[in-house]
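Residue numbers (the UniProt record's numbering), protein chains in the order written: chain A, 1 to 206; chain B, 1 to 206.
Reviewing the structure listed below.
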């Protein structure tokens, strides 16, 4: 599998005191939920431990139905995840910062200069499968920087919704396990709490 | 691709005041570094933006060498990553907590009861490729709980070294980008700082 390094950006809107996230339909997440719902007899032969995986499936879905042999489908919402604005590093003539700014514009509609980005850190993502490096940035935007709707590039198959999370609800959001999200969201909110919250003299209800 | 949910565990040794991590050779990380070192003419046709990817390769590696057509190999250390003790959820008869305890024993050599685990949170891992759910736990161990060497299961191809990171160096370690690590390490150290450090009345040099 070919992998690319990536960038992610924690965006904080200083006008509305909200974090700007993207809500995205992820086929991989959806397929994972679909696997989880499969009745046991529809389970394909997996290499390890797959044989009893579907014990979570509600029993009523496994009996007496005409569709017993047709795997049930989870709703589309099961594939939706809250994530940081992010993108892969696939333009060798651009710096990480420039790519990050492009993603902020394309996905979230804010135009910000490279100089406003602050590097948080970098790490390995998906070491089991991919192993590429992700660099995480922080950027402050204001309503005045909003020049478009965001939403990603539909021609590239992106299905992105821009979402605001108020600062005072951020840590509750981060630790609410019923809201599907990436670790990047939780980590960056916590980073903000430790490094930025004092500046805004605002409690982030940790 | 078939994916599994996973568990990860932040282990804190209360005897030595160290975090217990695993240092692991990751083929995917190694291959990623290997791709990074490839001279441009050895670049396979990738689907997106792959054509100029190898501009990072040092120029001297591309000229006058008999091995010009043989891609250079990074040292094995390039594939090593510091990670939380972790494992996939592939035993349907065991709870997440039981699997986590098994990993703590197998990988790090500490025997701890399920009741000592504290759930930190859960999130989606690798949403672009996998989309499975990872649940993160925290557990305190002492030298008395050490019953083995750890190191994983060589018969399963695991190459794991147990590593101690002293608490007072933890945040420096977390943000040292020259040390390859997963976001889970950084996030969990930060979580400890916010949630546990006061208990130990110790500065974690944030």
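From the three backbone atoms N, C-alpha and C, an ideal C-beta is built for every residue, glycine too.
The structure displayed is predicted, hence computed values, not measured ones.
Alpha-carbon to alpha-carbon, residue j and residue i
{"i": "residue 5(B)", "j": "residue 175(A)", "result": "18 Å"}
{"i": "residue 127(A)", "j": "residue 79(B)", "result": "10 Å"}
{"i": "residue 98(A)", "j": "residue 114(A)", "result": "6 Å"}
{"i": "residue 188(A)", "j": "residue 92(B)", "result": "33 Å"}
{"i": "residue 36(B)", "j": "residue 200(B)", "result": "42 Å"}
{"i": "residue 148(A)", "j": "residue 142(A)", "result": "13 Å"}
{"i": "residue 72(A)", "j": "residue 38(B)", "result": "45 Å"}
{"i": "residue 173(A)", "j": "residue 15(B)", "result": "35 Å"}
{"i": "residue 29(A)", "j": "residue 155(A)", "result": "21 Å"}
{"i": "residue 137(A)", "j": "residue 131(A)", "result": "19 Å"}
{"i": "residue 179(B)", "j": "residue 23(B)", "result": "11 Å"}
{"i": "residue 177(A)", "j": "residue 119(A)", "result": "27 Å"}
{"i": "residue 195(B)", "j": "residue 195(A)", "result": "16 Å"}
{"i": "residue 27(B)", "j": "residue 169(A)", "result": "40 Å"}
{"i": "residue 31(B)", "j": "residue 31(A)", "result": "26 Å"}
CB contact flag (residue i, residue j, <9 Å)
{"i": "residue 74(A)", "j": "residue 106(A)", "result": "no"}
{"i": "residue 181(B)", "j": "residue 81(B)", "result": "yes"}
{"i": "residue 21(A)", "j": "residue 117(A)", "result": "no"}
{"i": "residue 12(A)", "j": "residue 185(A)", "result": "no"}
{"i": "residue 108(B)", "j": "residue 150(B)", "result": "yes"}
{"i": "residue 171(B)", "j": "residue 183(B)", "result": "no"}
Beta-bridge pairing of residue i - partner residues as DSSP gives them
{"i": "residue 153(B)", "result": "None, per the DSSP bridge assignment."}
{"i": "residue 146(B)", "result": "110(B)"}
{"i": "residue 134(A)", "result": "6(A), 123(A)"}
{"i": "residue 18(B)", "result": "13(B), 166(B)"}
{"i": "residue 85(A)", "result": "9(A)"}
{"i": "residue 182(A)", "result": "124(B)"}
{"i": "residue 187(A)", "result": "BP columns for residue 187(A) are empty, so no partner."}
{"i": "residue 25(A)", "result": "80(A)"}
{"i": "residue 160(A)", "result": "24(A)"}
{"i": "residue 140(B)", "result": "12(B)"}
{"i": "residue 118(A)", "result": "138(A)"}
Beta-carbon contacts of residue i that lie in its chain and below 8 Å, excluding the five residues immediately before and after
{"i": "residue 145(B)", "result": "110, 111, 112"}
{"i": "residue 18(A)", "result": "12, 164, 165, 166, 167"}
{"i": "residue 94(B)", "result": "102"}
Neighbourhood of residue i by C-beta distance below 7 Å, restricted to the same chain and skipping five residues each side
{"i": "residue 153(B)", "result": "106"}
{"i": "residue 133(B)", "result": "5, 122, 124"}
{"i": "residue 90(A)", "result": "4"}
Distance between beta carbons of residue j and residue i, contact taken as under 8 Å
{"i": "residue 162(A)", "j": "residue 100(A)", "result": "About 16 Å; that fails the 8 Å criterion."}
{"i": "residue 103(A)", "j": "residue 86(A)", "result": "6 Å"}
{"i": "residue 159(A)", "j": "residue 25(A)", "result": "5 Å"}
Own chain, CB closer than 6 Å to residue i, minus 5 neighbours either side, in chain order
{"i": "residue 135(A)", "result": "7, 96, 122"}
{"i": "residue 88(B)", "result": "4, 6"}
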